[in-house]
Amino acid sequence: MKIAMFTDAYFPRINGVAISVKSYAQELTKLGHQVCVVCLEYSEEQQKSALFDSKSEDEKSPFKIIRVPSTYLIFSKEDRAARFDKWTFVKKQMKLFKPDVIHINSEWVIGYFGAMFARNYHVPYVFTFHTLWEDYLANYMHILPKSGCQKLGRDVVKFYLKRADEIIAPTRRIEQVVSDYKVDRPVDLLPTGIPEELFNFSLPRFRQIQRKLFSKFPQLKGKKVLLYVGRVVKEKNLAFLLDVLKETLKTNPNTALLFVGGGPYLDELAELAEQMGLAQNTAFAGYAAREDLIYFYKCGSIFVFPSLTETQGLVTIEAMMAGLPVVAIGERGTLDVMQGDNGGFMVKNDLQEFSAKVSALLNDENLFRQKAAEGEKWSKQWSIKELTPKLVEFYQKAIDCKQAELKKISDEKNRTAAAEKPDPEKAQ
20 MKIAMFTDAY
30 FPRINGVAIS
40 VKSYAQELTK
50 LGHQVCVVCL
60 EYSEEQQKSA
70 LFDSKSEDEK
80 SPFKIIRVPS
90 TYLIFSKEDR
100 AARFDKWTFV
110 KKQMKLFKPD
120 VIHINSEWVI
130 GYFGAMFARN
140 YHVPYVFTFH
150 TLWEDYLANY
160 MHILPKSGCQ
170 KLGRDVVKFY
180 LKRADEIIAP
190 TRRIEQVVSD
200 YKVDRPVDLL
210 PTGIPEELFN
220 FSLPRFRQIQ
230 RKLFSKFPQL
240 KGKKVLLYVG
250 RVVKEKNLAF
260 LLDVLKETLK
270 TNPNTALLFV
280 GGGPYLDELA
290 ELAEQMGLAQ
300 NTAFAGYAAR
310 EDLIYFYKCG
320 SIFVFPSLTE
330 TQGLVTIEAM
340 MAGLPVVAIG
350 ERGTLDVMQG
360 DNGGFMVKND
370 LQEFSAKVSA
380 LLNDENLFRQ
390 KAAEGEKWSK
400 QWSIKELTPK
410 LVEFYQKAID
420 CKQAELKKIS
430 DEKNRTAAAE
440 KPDPEKAQ
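Numbering follows our numbering, with no gaps: position 361 of the sequence shown is 380.
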């Protein structure tokens, strides 16, 4: 099968969509499918800050990558937008690739190019509803009122939901949102899988990263480390973790908080930590290469996740796979991932409750071991090796749906033509 995956977010931009696309593209390729990822071209500055050289990385990729020239966005330093005048370029590339199915993973210019090609050339398309834009847009588009951002976010997503041959939801809650949007279409559930290679472990590499980390942030050495991995943006509710640290230090003074990831909120969060008197107990490591994340997880003691708007919460699964118990606020994607206190504790958006669970894990070795083992077992259901065959089934479902639709249109045209054809006997 020839599969074209369209996404407005891809490496060096690191988020759940980019990880999902790359992970599935790699696994599909292993299964013998031909994959082409259509994504954005990022600036040299962005590549440098994310420790990522697009040219060399793309050349090593086992699947084809098409980078579309892009332009900066005023409201987001991390993101870019494909140039609309590059539609002809994308169309030409797709004509050469000849996809059997298109998989749209985002809703902006690249996603729109995918939808246009699918419509104009009668190619079936699958849409994965990754992001609840009605919750996120207000954090970027400050010129619009919140209600306006919510409506825009809903309308953008509904454009794709109404036209897709197959809809995929990564969580049950996203599946419910499709129904809430009054889109009367069947939805299939498929979480983003976690590749096993992410947890390839090298002791020399671990020691190297650990030395560098402790050299740069000596305040971490010898402490129990509360770890956050992900984008450092305001909507992740990260200031909450500083409050958790302050509360935890009252009973566990040998504790530190480590943020791994970059984003526009990084400087402000570091300044807030300084103002709260927590500079000696916090560290901001910035971006880390994805293949090195396992070593950062291994440097942590507890994974802490405060996001209230997460669609999937994949990092909580990654942490569990690495043997870390999790304390997370039970909202959105975290509810679907943890489904209760599996692999840690899922708590309310309450400082005292969150801090109490962190302290319980720090102070009770038996509880810590129990939750760590529980998490490793629970996380196995997110193995991408097990999930990718389901994605292939959904692609085939979209292909069958499109073929049935085209046959119906063809039959209708034939019936109309036959009805309009003059009767020779009547003509005489």
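Think of the CB as a built atom: it goes at the ideal place given N, C-alpha and C, for glycine as much as any other residue.
Going by alpha carbons, who is nearest to Arg102 out of Pro441, Ser89, Phe108 and Gly281? Checked all of Pro441, Ser89, Phe108 and Gly281; the closest Cα to Arg102 is Ser89.
Under three-state DSSP, which class holds Gly241? Correct three-state label for Gly241: coil.
DSSP bridge partner residues for Gln53 (one or two, in chain order): The partner list for Gln53 (beta bridge, DSSP) reads Lys21.
Would Asn300 be called buried (16 or more neighbouring beta carbons within 10 Å of its own) or exposed? If you draw a 10 Å sphere on the C-beta of Asn300, you find 16 or more other C-beta atoms in it, and that means buried.
Gly296 versus Gln112: straight-line alpha-carbon distance, rounded: Rounded to whole angstroms, the gap between the alpha carbons of Gly296 and Gln112 is 54 Å.
Based on the DSSP output, what are the partners of Leu246 in its beta bridges? DSSP, once it has assigned bridges, lists Leu277 and Phe322 as partnering Leu246.
Return yes when the Cβ of Phe146 is within less than 8 Å of the Cβ of Ile123, no when it is not. Going by C-beta atoms, Ile123 is nearer than 8 Å to Phe146.
Are Ala275 and Gln238 touching if we call contact CB-CB under 8 Å? Contact flag set, yes.
Quick check on Asp72: does DSSP put it in helix, strand or coil? Per DSSP, reduced to three states, the secondary structure at Asp72 is coil, with no helix or strand assignment.
What does the Cβ neighbour count give for Ile452, buried or exposed, with the cut at 16 atoms within 10 Å? This structure gives no information on residue 452, because the portion of the chain shown stretches from 20 to 447.
According to DSSP, Met365 sits in a beta bridge with which residue or residues? In DSSP, Met365 forms a bridge with Ala347.
Of the listed residues Met357, Leu333 and Val411, nearest to Ile38 (C-alpha basis): Among Met357, Leu333 and Val411, the Cα nearest to that of Ile38 belongs to Leu333.
On a CA-only basis, which of Ala307, Thr267 and Phe225 is nearest Pro31? Give me that one, please. Among Ala307, Thr267 and Phe225, the Cα nearest to that of Pro31 is on Ala307.
Nearest to Val176 by CA position, among Leu115, Trp127 and Asp203, is which residue? The shortest C-alpha separation from Val176 is found at Trp127.
Below 7 Å CB to CB, which residues in the same chain sit around Ser280 once its five sequence neighbours on both sides are set aside? Per the sequence shown, the amino acid found at residue 280 is Gly instead of Ser. These residues qualify, in order along the chain: Val248, Gly249, Arg250, Val251 and Tyr306.
With distances taken between CB atoms, is the gap from Ile121 to Ala69 smaller than 8 Å? Not a contact, by the Cβ cut-off of 8 Å.
Hey, would you say Gly394 sits closer than 8 Å to Gly349, going by beta carbons? In this structure, Gly349 does not lie closer than 8 Å to Gly394 by Cβ.
Just to confirm before moving on: does the CB-CB distance between Gly167 and Trp152 stay below 8 Å? No; because the gap between Cβ atoms is not below 8 Å, this pair is not in contact.
Report the residue ranges of all beta strand (DSSP E) runs contained in full by the region 131-205; include only those spanning at least 3 residues, in chain order. Taking only runs of at least 3 residues, the beta strand (DSSP E) segments lying wholly in the region 131-205 are 144-147 and 185-188.
Check whether the region 416-435 touches the region 22-30, taking contact to mean three or more Cβ pairs, one atom from each stretch, closer than 8 Å. No, they do not touch.
Exposed or buried, what is Arg255 when buried is set at 16 or more other beta-carbons lying within 10 Å of its beta-carbon? As written in the sequence, residue 255 is Lys, which differs from the Arg given in the question. Answer is buried; the Cβ neighbour count reaches 16.
With DSSP as the reference, please indicate the residues paired to Val457 in a beta bridge. The requested residue 457 does not occur in the structure, where the chain is confined to residues 20 to 447.
Candidates Phe218, Phe225, Thr435 and Pro408, of which the one nearest Gly342 by Cα: Answer by Cα proximity: Phe218.
Three-way DSSP call (helix, strand, coil) for Val377 in this model: Here Val377 sits in helix by DSSP.
CB Lys409 to CB Glu46, shorter than 8 Å? No, these two residues do not count as a Cβ contact at 8 Å.
To which residues of the same chain is Leu209 closer than 8 Å at the C-beta, ignoring the five residues directly before and after it? For Leu209, same chain residues with a beta-carbon under 8 Å away, outside a window of 5 residues either side, are Thr147, Ile187, Ala188, Pro189, Leu406, Lys409, Leu410 and Phe413 in chain order.
By Cβ distance, which residues of its chain are closer than 8 Å to Pro441, with the 5 residues on each side in sequence left out? Cβ neighbours of Pro441 beyond the five flanking positions: none.
To the nearest angstrom, how far is it from the Cα of Val244 to the Cα of Ala292? Their backbone Cα atoms lie some 16 Å apart in a straight line.
Name the DSSP bridge partner or partners of Ala289? Partner(s): none; Ala289 has no beta bridge.
Among Glu329, Gly133, Ser378 and Ala423, nearest to Ile22 - alpha-carbon criterion: Of Glu329, Gly133, Ser378 and Ala423, the smallest CA-CA separation from Ile22 is found for Gly133.
As a quick exercise: from Pro344, Arg182 and Glu97, pick the residue whose alpha carbon is nearest that of Asn139. Nearest Cα to Asn139 within the set Pro344, Arg182 and Glu97: Arg182.
Assuming contact is defined by CB atoms lying nearer than 8 Å, are Arg191 and Asp77 in contact in what I supplied? Not in contact: Arg191 and Asp77 (Cβ atoms no closer than 8 Å).
Answer with buried or exposed for His52, where buried requires no fewer than 16 other C-beta atoms within 10 angstroms of its C-beta. It is buried - the Cβ of His52 has at least 16 other Cβ atoms within 10 Å.
Quick one, are the C-beta atoms of Gly212 and Tyr91 less than 8 Å apart? Cβ distance not < 8 Å, so Gly212 and Tyr91 don't count as in contact.
Taking Cβ to Cβ, would you say Lys41 is nearer than 8 Å to Pro283? No, these two residues do not count as a Cβ contact at 8 Å.
Is Pro205 buried or exposed, if buried means 16 or more other CB atoms sit within 10 Å of its CB? The residue in question, Pro205, is exposed, as its Cβ has fewer than 16 Cβ neighbours within 10 Å.
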